[in-house]
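**Q** The structure's right below; bear with me while I get my questions together.
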Ligand code: URA
């Protein structure tokens, strides 16, 4: 992607090198499981994958979520009382962006500011995320050209108390909402940020550092793993790696690998 001068200036400010197209670490990323790089659940580590990693069905309070349209899905999230997190929330945080965005960004869970405002990534981590999106000429705006838009969602729609880590049962109960959001958006690429997004989407406990740098797949959609922006705020040296991940994602998009088959 040819960076314009504004983007180059931003990258320099972030202390990041200007990207040269990397070699993809997978031979092909066309539709189907060809680009899959993860072992199937239960397969021994290091064994070549032979089947796609598909999400298991998760328990959900309202089974109609699986076929909900946008308004019904929003209403279901807002009314959800499937786990204990509903007790402490100010409001649910559904997600934001273009309904047909080509990019889908998946984070972890709302924090205090997101709980207050009802929008994901509005705090410090969100500012960094927005800067990274801007550098790729992307935005979370709900209108405009879908190719330049990102839909941002979390694995959990309610804030865990004290910003503690999501618990497995909370993730399982919330998962159908994210699954349905991805089905409705039909993104060309998913960016999974941080370990909980990775766990939810790829069904693996492998650390982010071992999963980044290559193209995975979720339900046939190319998926790139990167660090969570909140982690990057505390670990500045990994910002450069995150930038490389974004460049890999942009490269996948440029090559049209995310084009729906
Ligand atoms: N961190 C996340 O993962 N999501 C948010 O919405 C805010 C912070």
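Residue numbers (my numbering): 169 to 429.
Built from N, CA and C at the ideal position, the CB exists for glycine as well.
1) With which residues is residue 318 paired in a DSSP beta bridge?
2) If you follow the alpha helix (DSSP H) that residue 236 is in, where does it begin and where does it stop?
3) Assuming residue 270 contacts residue 357 under a Cβ cut-off of 8 Å, what Cβ separation, rounded to an integer in Å, is found between them?
4) Got a sec? Which residues, its chain only, sit under 6 Å from residue 361 by beta carbon, not counting five neighbours each side?
5) Here's the rule: buried if 16 or more other CB atoms are within 10 angstroms of the residue's CB, otherwise exposed. What is residue 378?
6) Should the segment 296-315 be called in touch with the segment 411-420, which here means at least 3 C-beta pairs below 8 Å?
7) Quick check on residue 417: does DSSP put it in helix, strand or coil?
8) Let me have the residue list for the ligand URA: C-beta closer than 5 Å to any non-hydrogen atom, ordered along the chain.
9) Could you tell me the distance, in whole angstroms, from the CA atom of residue 290 to the CA atom of residue 398?
10) With a floor of 3 residues, list each beta strand (DSSP E) that falls wholly inside the segment 361-387, ordered by position along the chain.
11) So who's on the other strand from residue 389, going by DSSP bridges?
12) Can you tell me where the alpha helix (DSSP H) with residue 305 in it begins and where it stops?
13) Would the beta-carbon of residue 250 fall within 7 Å of that of residue 341?
14) When DSSP builds the beta bridges, which residues end up paired with residue 394?
15) Using the C-alpha atoms, what's the distance from residue 391 back to residue 400?
16) For the segment 252-268 against the segment 340-354, are there 3 or more C-beta pairs whose distance is under 8 Å?
17) Quick one: Cα of residue 280 to Cα of residue 233, how far?
18) Can you tell me the Cα-Cα spacing of residue 371 and residue 350, whole angstroms?
19) Mark residue 244 as exposed unless 16 or more other C-beta atoms lie within 10 angstroms of its C-beta, in which case mark it buried.
20) If the criterion is Cβ atoms closer than 7 Å, does the pair residue 306 and residue 292 meet it?
21) State the CB to CB distance for the pair residue 383 and residue 272, rounded to an integer number of angstroms; the pair is presumed to be in contact (CB under 8 Å).
22) If you run the structure through DSSP and keep just helix, strand and coil, what is residue 261?
23) Pull up the distance between the alpha-carbon of residue 242 and that of residue 296, whole angstroms please.
**A** In short, the structure shows the following:
1) Bridge partners of residue 318: 271.
2) Secondary structure note for residue 236: it is in no alpha helix (DSSP H), with a DSSP letter that is neither H nor E.
3) That belief holds up - the Cβ atoms of residue 270 and residue 357 are roughly 7 Å apart, short of 8 Å.
4) The residues are 275, 394, 396.
5) The Cβ neighbour count for residue 378, taken over all protein chains shown within 10 Å, is under 16; the residue is labelled exposed.
6) Under the 8 Å Cβ criterion, the segment 296-315 counts as touching the segment 411-420, having at least three qualifying pairs.
7) Note: residue 417 maps to helix in three-state DSSP.
8) With the cut-off at 5 Å, the residues found are 275, 276, 278, 279, 282, 288, 289, 293, 322.
9) Cα atoms of residue 290 and residue 398: separation of roughly 12 Å, rounded to the nearest angstrom.
10) The qualifying runs are 383-386.
11) In DSSP, residue 389 forms a bridge with 386.
12) It is not in any alpha helix (DSSP H) - residue 305 carries neither H nor E in the DSSP assignment.
13) Yes, these two residues count as a Cβ contact at 7 Å.
14) Looking at the DSSP assignment, residue 394 forms a beta bridge with 361.
15) Their backbone Cα atoms lie some 20 Å apart in a straight line.
16) Cβ pair count under 8 Å is three or more, so yes.
17) Residue 280 and residue 233: Cα-Cα distance of roughly 26 Å.
18) About 16 Å.
19) Counting Cβ neighbours within 10 Å, residue 244 comes out buried, since at least 16 surround it.
20) Against a cut-off of 7 Å, the Cβ pair of residue 292 and residue 306 comes out as no contact.
21) About 15 Å separates the two Cβ atoms, so there is no contact after all.
22) DSSP places residue 261 in coil when its eight states are reduced to three.
23) CA-to-CA, the gap between residue 242 and residue 296 works out to about 26 Å.
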